[in-house]
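J.: Below you will find the structure I want to go over with you.
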Amino acid sequence: MNCVLCGRKLTSDEIAITRKLINRAAEEFCCITCLAAKFSVSEEDIRRLIENFRQAGCSLFF
Ligand SMILES: [Zn+2]
């Protein structure tokens, strides 16, 4: 699975956070870099969000 915007190979976290931020049923995914640009936040913010969701026990993150 690759980022639809830049073509970079995605991690499972990037796939999960795309589902979380855009659409749970998404079939196209973005890497952290492209997500940060899309939402006008830093990559660090996205990583923090991933960590928050994981700690909250969200089933999309493992
Ligand atoms: Zn990308």
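For the sequence shown, position 14 (counting from the first letter as 1) is numbered 18 according to the numbering used here, and the numbering increases by one without interruption.
All C-beta atoms in this analysis are idealised placements derived from N, C-alpha and C, irrespective of residue type, glycine included.
From a predicted model like this one, the values you see are computed outputs, not experimental measurements.
When we look at the beta-carbon of Cys10 and count the other beta-carbons within 10 Å, is it buried (16 or more) or exposed?
T.: As a first step, residue 10 must be located in the sequence shown, where it is residue number 6. That one is exposed.
J.: Alpha carbons only, please: which of Ser63, Phe66 and Asn6 is nearest the one belonging to Phe33?
T.: Taking the first residue of the sequence shown as 1, we reach residue 33 at position 29. Ranking Ser63, Phe66 and Asn6 by Cα distance to Phe33 puts Asn6 first.
J.: With Ala2 and Thr22 assumed to form a contact (beta carbons below 8 Å), what rounded beta-carbon distance in angstroms separates them?
T.: There is no way to answer for residue 2, as the model of the chain reaches only from 5 to 66.
J.: Given a threshold of 16 other Cβ atoms within 10 Å of its Cβ, counted over all protein chains shown, does Phe65 qualify as buried or as exposed?
T.: Along the sequence shown, read from residue 1 onward, the residue named residue 65 stands at position 61. Buried is the call here.
J.: Flag this pair as yes or no: are the beta carbons of Thr39 and Leu25 separated by less than 8 Å?
T.: Here residue 39 refers to the residue found at position 35 when the sequence shown is read from its first residue. Here residue 25 refers to the residue found at position 21 when the sequence shown is read from its first residue. In the sequence as presented, Thr is not what sits at residue 39; that position holds Leu. Yes, these two residues count as a Cβ contact at 8 Å.
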